[in-house]
Amino acid sequence: MAFTSRSNSWLRSETDRLDRTASIMAQVMVNRGVMLAPELTGALKRSGRTIKKSKGSYSATFGGANVGVPYAKLRNFVNKKNPQTLNYSEKSGKSVASEGVAKYYRMAGGQ
Numbered sequence: 222m223a224f225t226s227r228s229n230s231w232l233r234s235e236t237d238r239l240d241r242t243a244s245i246m247a248q249v250m251v252n253r254g255v256m257l258a259p260e261l262t263g264a265l266k267r268s269g270r271t272i273k274k275s276k277g278s279y280s281a282t283f284g285g286a287n288v289g290v291p292y293a294k295l296r297n298f299v300n301k302k303n304p305q306t307l308n309y310s311e312k313s314g315k316s317v318a319s320e321g322v323a324k325y326y327r328m329a330g331g332q
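Under this note's numbering, the first residue of the sequence shown carries the number 222, and numbering increases by one thereafter.
See below:
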């Protein structure tokens, strides 16, 4: 009787699923950040995007000089006109983290 291990294929499958989970979580953070961000011209909200840093590592990013919104970091920490929008990116990240990874793992096709 022979034993065939499928651990390598299982490991590849789980790694891909965890990568999709991280991608989904980053996109949800961007979506929630868009809802919380201040809107004057809409450029800050439109600048939200996810950036893949490495396998399983994503970043939810707003603004930057290359997308025409160099003030995004300032608006996150200082906003006298709309103080309710302070820390919009931090709030979006905390709300996703508080829900737990399991929810997004299931969305990515996990059990």
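Built from N, CA and C at the ideal position, the CB exists for glycine as well.
Around the C-beta of residue i, are 16 or more other C-beta atoms found within 10 angstroms, so that it is buried, or is it exposed?
i, result
"Phe224", "exposed"
"Arg327", "exposed"
"Gly321", "exposed"
Just how far apart, CA to CA, sit residue i and residue j?
i, j, result
"Ser244", "Lys273", "8 Å"
"Glu260", "Lys266", "7 Å"
"Arg241", "Ser268", "22 Å"
"Gln305", "Arg238", "36 Å"
"Ala329", "Lys301", "39 Å"
"Ala323", "Val288", "33 Å"
With a cut-off of 8 Å on the beta carbons, I'd call residue i and residue j a contact; round off their distance for me.
i, j, result
"Ala281", "Gly314", "7 Å"
"Met250", "Val299", "Incorrect: roughly 21 Å between the Cβ atoms, too far for contact."
Closest Cβ-Cβ distance between residue i and chain C: below 8 Å?
i, result
"Tyr279", "Note that chain C does not occur in the displayed structure, where there is just one protein chain."
**Prompt:** How about the region 283 to 295 and the region 230 to 250: do they share at least three Cβ pairs that are nearer than 8 Å?
**Reply:** no
**Message:** Count Cβ pairs between the region 303 to 319 and the region 246 to 254 that sit closer than 8 Å; are there 3 or more?
**Reply:** Contact annotation: the region 303 to 319 touches the region 246 to 254, with at least three C-beta pairs closer than 8 Å.
**Request:** Quick one: which unbroken alpha helix (DSSP H) runs of 4-plus residues sit fully inside the region 258 to 291? Chain order, please.
**Result:** 264 to 267
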